[in-house]
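Chains as they are written, first to last, in this note's numbering: chain A, 1 to 106; chain B, 107 to 212. All residues carry an ideal CB built from backbone N, CA and C; glycine is no exception.
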DNA sequence: TATATATGCAACTATTCGGTTTCACAAATT
DNA sequence: AATTTGTGAAACCGAATAGTTGCATATATA
């Protein structure tokens with residue numbers, strides 16, 4: 001059972017759940033209303049998201065409110081960093097090329 | 107056959123391949139040297155990465171050099187944007203709290 | 001207390017996934 | 001021309017995945 005954030009966000013339904021509860025915490029039933037699959041299926045997705053800490057359950061009476069653990073999402077951003085550096089460098093290089101052309105025009 | 111970037115980066119081997127060829131384009135054989143699985147397995151991963159445009163093949167004689175398509179990776183960054191807004195907002199709110207405390211100390 | 005509601009868990013199923021082995025083909029080398 | 005080298009594709013396999021149905025449990029409500 002691999003269970004890391006990358007595998008978690010691979011599923012489109014789970015990404016959708018993340019988007020929905022980003023705005024406000026919600027119960028599994030309320031979440032399931034947004035999809036045309038069973039509540040149990042959503043429950044399973046929530047378990048996976050909870051296991052890798054992308055989501056946090058909070059019991060309130062017999063209801064459980066799930067909310068986004070925004071800190072965990074930063075890990076994806078962190079993974080992007082080296083690649084971001086590459087595209088920023090390329091952008092700067094393009095910038096240099098453009099300013100060189102500008103100078104030549106002068 | 108689902109085939110989007112999120113499913114592509116879900117696999118750790120594929121993420122490793124991306125990191126390796128980020129520095130310089132490489133042939134499948136050269137890439138496979140970094141892993142203890144068969145070249146064919148790497149070839150399969152490269153097919154998936156190519157299909158969703160995260161990687162670009164360039165034939166050179168009988169060799170094929172694979173390089174990173176950095177532009178495509180930006181799509182993940184783009185997906186992160188709404189979440190980034192959330193954590194930036196929270197950071198600002200924390201910042202406000204801190205400056206309020208500071209003022210009170212004065 | 002009896003019933004309805006909210007939820008998670010287990011068992012099952014079809015499909016997908018990552019890997020291997022085997023093969024085919026084209027380019028380089030002898 | 002024969003052989004070696006670099007590569008992709010197909011067939012197969014075991015494990016994982018996403019979904020379902022059915023059940024158990026706990027909290028609210030009548």
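For the alpha helix (DSSP H) that contains residue i, what are its first and last residues?
i, result
"residue 56 of chain A", "Unbroken run through residue 56 of chain A is the beta strand (DSSP E), 55–60; no alpha helix (DSSP H)."
"residue 157 of chain B", "145–157"
"residue 126 of chain B", "118–129"
"residue 29 of chain A", "28–32"
"residue 111 of chain B", "111–114"
Going by CA-CA distance only, name the one from the options that's closest to residue i.
i, options, result
"residue 34 of chain A", "A:88, A:54 and A:13", "A:13"
"residue 59 of chain A", "A:88, A:28 and A:48", "A:28"
"residue 116 of chain B", "B:193, B:137 and B:182", "B:182"
"residue 111 of chain B", "B:155, B:138, B:129 and B:192", "B:155"
"residue 130 of chain B", "B:162, B:190 and B:180", "B:162"
"residue 21 of chain A", "A:51, A:70 and A:36", "A:70"
"residue 52 of chain A", "A:73, A:90, A:61 and A:37", "A:73"
"residue 18 of chain A", "A:46, A:3, A:36 and A:85", "A:46"
"residue 190 of chain B", "A:37, A:68 and A:30", "A:68"
Please return the same chain residues whose Cβ sits closer than 6 Å to the Cβ of residue i, not counting the five positions on each side in sequence.
i, result
"residue 63 of chain A", "27"
"residue 138 of chain B", "145 and 148"
Should residue i be labelled buried (16 or more other beta-carbon atoms within 10 Å of its own) or exposed?
i, result
"residue 7 of chain A", "buried"
Within the continuous beta strand (DSSP E) that includes residue i, where are the two ends?
i, result
"residue 64 of chain A", "63–68"
Using a Cβ-Cβ cutoff of less than 8 Å, which residues in the same chain neighbour residue i once the five nearest sequence positions on both sides are dropped?
i, result
"residue 109 of chain B", "154, 157 and 158"
"residue 122 of chain B", "140 and 141"
_Between the segment 39–46 of chain A and the segment 80–89 of chain A, can you find at least three pairs of beta-carbon atoms closer than 8 Å?_
These segments do not touch.
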